[in-house]
Structures are given as structure tokens and as C-alpha cells.
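Data block below; observations after.
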Amino acid sequence: MSSIAFTTPDMAGNLIVTGSHGGTSAGEYARRHRVAAVACNDAGIGKDAAGTAGLAALDEDGIVGVAVGHDTARIGDGTDTWLCGVITYANVTALAAGIRPGRPLQVAFTELAGRWSQGGATAC
1 MSSIAFTTPD MAGNLIVTGS HGGTSAGEYA RRHRVAAVAC NDAGIGKDAA GTAGLAALDE
61 DGIVGVAVGH DTARIGDGTD TWLCGVITYA NVTALAAGIR PGRPLQVAFT ELAGRWSQGG
121 ATAC
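Residues 1 to 124, numbered by the working numbering, are exactly what the sequence shown covers, in order.
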């Protein structure tokens with residue numbers, strides 16, 4: 001999806017790929033709708049790591065949060081995030097789930113969805 005603002009309560013437990021920045025407001029949407037994992041754009045990271053601050057905060061809720069590089073995927077374009085994004089940031093929860101920076105998002109989330117499908121989580 002192009003914006004994390006389009007998440008809805010029925011997406012709880014899903015892996016979400018969005019073109020949004022990973023700032024504080026993005027984290028709030030992910031938390032509010034109880035997604036299992038979210039991918040955003042690092043938006044160049046920015047001052048005080050503002051481009052990924054919302055993803056870091058998701059650790060408190062055990063939500064996987066990753067960002068792809070702004071130079072690998074267009075900001076605001078969820079399809080480009082999925083097709084071209086390379087992970088530049090992974091929160092502690094993502095690292096514990098086996099996700100590592102430097103990997104293509106599509107590969108990392110497909111593998112994660114496969115591992116989680118064994119345990120009942122779904123991917124969208």
C-alpha cells in the first residue's frame with residue numbers, strides 16, 4: 001500500500017508493506033492495528049533517526065519493523081518498496097526473527113511469512 005494510513009483493524013496479524021516513512025506516526029498506525037510486521041521507507045533516516053523512530057518503538061509491542069533504503073525504493077510507493085526495496089534498518093524484534101539489513105525486502109518478508117505460517121500468522 002502507498003501509505004500506512006490505509007491500514008485497517010482487519011489487517012491485525014498481517015505483514016504490511018508500505019511506502020510510508022518509518023517515523024513515529026507510522027509506528028502508531030502499526031501499533032493501533034496490531035499488525036505482525038511492517039515495512040516502511042527509511043526516508044533518508046533524517047535528524048535523530050526520525051525516519052525509523054516509529055519502527056524502533058514497535059519493539060515494545062513485539063512488532064517486526066523494518067525500513068528499506070530511500071535510494072532503493074520510492075517513498076510513498078508500496079509496490080516499489082516490495083519489488084525493489086533493500087532493508088537498511090531492522091528493529092530488535094525483526095533481528096530476533098532473523099531479518100537482516102542488506103537483504104531484499106521481498107526475500108526477507110517471504111521467508112518470514114513462511115516461517116510464521118507454520119505458527120498461524122498470515123501475510124497479506
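Quick reminder that beta carbons are idealized off the backbone N, C-alpha and C, glycines included.
Cβ shell of residue i (< 6 Å), same chain only, five flanking positions each side left out
{"i": "E111", "result": "none"}
{"i": "C124", "result": "The predicted model places C124 with a pLDDT of 40, which falls under 50 and marks its position as unreliable, so this point remains unresolved."}
Classification of residue i by the beta-carbon crowding that lies within 10 angstroms, buried from 16 upward
{"i": "G51", "result": "buried"}
{"i": "G62", "result": "exposed"}
{"i": "A158", "result": "Only positions 1 to 124 of the chain appear in this structure, which leaves residue 158 out of reach."}
Per DSSP, cross-strand counterpart(s) of residue i
{"i": "L15", "result": "A37"}
{"i": "A90", "result": "V66"}
{"i": "P104", "result": "V86"}
C-beta contact flag for residue i and residue j at 7 Å
{"i": "V64", "j": "T18", "result": "no"}
{"i": "A67", "j": "L55", "result": "yes"}
{"i": "V38", "j": "A49", "result": "no"}
{"i": "C40", "j": "G69", "result": "no"}
Pick from the options that is closest to residue i, judged by C-alpha positions
{"i": "D42", "options": "G114, R115 and P101", "result": "P101"}
{"i": "L105", "options": "D80, S117, W116 and A96", "result": "D80"}
{"i": "A113", "options": "V35, G23 and E28", "result": "V35"}
{"i": "V107", "options": "C84, I75 and A5", "result": "C84"}
{"i": "M11", "options": "A26, G27 and H33", "result": "H33"}
{"i": "G44", "options": "G27, A26, I75 and T24", "result": "I75"}
Same chain, Cβ closer than 8 Å to residue i, neighbours up to 5 away in sequence not counted
{"i": "V77", "result": "According to the sequence provided, residue 77 is Asp. The question's Val does not apply to it. Closer than 8 Å at the Cβ level, and outside the excluded window around D77, lie S2 and G19."}
Own chain partners of residue i with C-beta closer than 7 Å, once the 5 adjacent residues on each side are dropped
{"i": "A5", "result": "Y29"}
{"i": "W82", "result": "V17, L105 and Q106"}
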